[in-house]
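Numbering-wise, this note's numbering puts 726 at position 309 of the sequence shown, and it's gapless, one number per residue. We treat Cβ as the ideally placed atom computed from N, Cα and C, and that holds for glycine. Worksheet: the structure to be examined is printed underneath.
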Amino acid sequence: MNNSLDSSADERIGITDGLKDGLKDGLNRPIHDLRVSVTDRCNFRCVYCMPKEKFGKGYQFLSKSELLSFEEIVRIVRAFSELGVRKIRLTGGEPLVRSELEKLVEQIANIQKIDDISLTTNAVLLTEKRARSLRDAGLGRVNISLDALDDETFMAVNDVGVPVQKVLDGISTAAESGFESVKVNMVVKRGLNEHSILPMADYFHGTGQILRFIEFMDVGNTNSWKNSEVVTAAEIADLINSERPIEKVPPNYRGEVANRWRYLDGGGEIGIIASVSEPFCGDCSRARLSAVGKLYTCLFAADGHDLMGLIRRGASDAELSEKLTALWRSRRDRYSETRTVESVLRPKVEMSHIGG
Ligand code: SAM
Ligand code: SF4
Ligand code: SF4
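Below, the structure written as structure tokens:
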């Protein structure tokens, strides 16, 4: 890690021996993964993410000048890549509402140490042309969110009347566009869409597209999260197993967020992200950059660290690197492992600001 820095450069940017063994946070976790939110806007109003009561007509979204420019994002990504980041996920809000996203992908793909670029999207804007240009720019993997297979449930989730077929078309488009992988994310919320678990599992069984179930999380303060509305990973696995037997598969790598399961009949894999019932903070090597350039070291943080301000005040690359190093070293986040009734109510950043 950090091989490209010679010792004089190390001294210049104030990096000590700790970094040569890999930058570690206060709980000895490296940094591998950066999630970049490119916008706070979205064409959906998913009830568990951007409920209309809060994100309605009067809601003040960010203006273009308040967003990090592509050049600023690339600068931050490059600095992170020198500290150990290898994977970049573009997210939002809905990342495809940001115009010319391909240009950002291309610039990130040109950063030598970044070896994986992925996108999380609701896929409504994923036309064939857009998918091809994103792939040609260097996007490797796409995760598409879909929470039900019937219009009534899906429209109750997205709350803007988008039918299921629109997203299924996006999934087909992605599958035919030559990405390394296309995965499907389904958030499960009790009383909203748990009846869609089996239909979704059936639909993606045998397709080669991995369906990942995500426990409903208490991100932000607007989605009225209740523990009783979490359908746990164990419940999801039991339900699927009762229909089609599955067995656990070892993780692909340390820190993988989804527990992997395989159908015994050869129909492929599913994943379950058990962030609430089986937290995985111990291996959390992710940081998140919001659309306004704040760095969050945890999905459940109250506030972020202002990198846009630092950059716009003229910080040098060395100063930026020093700041990122100091922030990561002081990180001790483990929110999901310590969640309490009180912590759920504490102010937390909204999901649409920092992405999933
Ligand atoms: N708009 C894009 C999309 O929906 O794919 C990207 C941003 S969205 C915030 C990223 C992911 O977070 C989606 O898969 C979404 O379902 C998930 N998500 C949003 N709110 C959530 C919550 N409260 N609990 C669990 N997952 C959530
Ligand atoms: Fe938009 Fe994604 Fe949030 Fe749904 S989950 S409201 S699509 S940002
Ligand atoms: Fe990482 Fe925070 Fe989630 Fe724990 S709660 S896994 S530290 S983002």
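- The continuous stretches of alpha helix (DSSP H) do not include GLY555, and DSSP gives it neither H nor E.
- Here the stretch 752-771 makes contact with the stretch 705-722; the two share three or more CB pairs at distances below 8 angstroms.
- Residue environment for TYR465: buried (at least 16 other C-beta atoms within 10 angstroms of its C-beta).
- Restricted to the stretch 538-608, the beta strand (DSSP E) segments that are unbroken, complete and at least 3 residues in length are 558-562 and 598-605, listed in chain order.
- Within the model, the alpha-carbon separation for GLY555 versus ALA526 is close to 6 angstroms.
- Counting along the chain, no beta strand (DSSP E) covers VAL502, and no H or E run does either.
- About 21 angstroms separates the CB atoms of ILE627 and LYS583; that is not less than 8 angstroms, and the two are not in contact.
- The three-state secondary structure of SER613, taken from DSSP, is helix.
- In this chain, the beta strand (DSSP E) harbouring ARG677 covers 676-680.
- By DSSP's assignment, LEU712 forms a beta bridge with LEU706 and HIS722.
- In this structure, GLU695 lies away from ARG679, with their beta-carbon atoms at least 7 angstroms apart.
- With a cutoff of 6 angstroms, GLY510 counts as near ligand 2, since its C-beta is closer than that to a heavy atom of the ligand.
- Taking 7 angstroms as the cut-off, the beta carbon of VAL559 is found closer than this to the beta carbon of PHE596.
- Cβ-Cβ distances below 8 angstroms link VAL581 to LEU563, ALA565, LEU566, ASP567, ASP568 and PHE571 in the same chain, with the five nearest sequence neighbours on each side left out; the list follows chain order.
- Distances from the CB of CYS698 to the heavy atoms of ligand 2 are all 6 angstroms or more.
- DSSP places GLY637 in the coil class of the three-state scheme, outside both helix and strand.
- Cβ atoms of PHE630 and VAL647 stay farther apart than 8 angstroms, at about 11 angstroms.
- Taking 7 angstroms as the cut-off, the beta carbon of CYS698 is found closer than this to the beta carbon of GLU754.
- Here the C-alpha atom of ILE657 lies approximately 16 angstroms from the C-alpha atom of ALA675.
- LEU479 places its beta carbon 7 angstroms or farther from that of MET725.
- For the options ASP720, ALA743, LYS740 and GLU739, the alpha carbon positioned closest to that of ARG763 is the one of ASP720.
- Taking the CA atoms as reference points, THR544 sits about 17 angstroms from SER598.
- For LYS665, there is no enclosing alpha helix (DSSP H); the enclosing beta strand (DSSP E) has its first and last residue at 663-666.
- Contact annotation, LEU444 with ALA704: C-beta distance approximately 14 angstroms; criterion of less than 8 angstroms not satisfied.
- Inclusion of VAL604 and PHE461 in the CB contact set at 7 angstroms is not warranted, their separation being larger than that value.
- Here the alpha carbon of GLY731 sits roughly 28 angstroms from the alpha carbon of PRO447.
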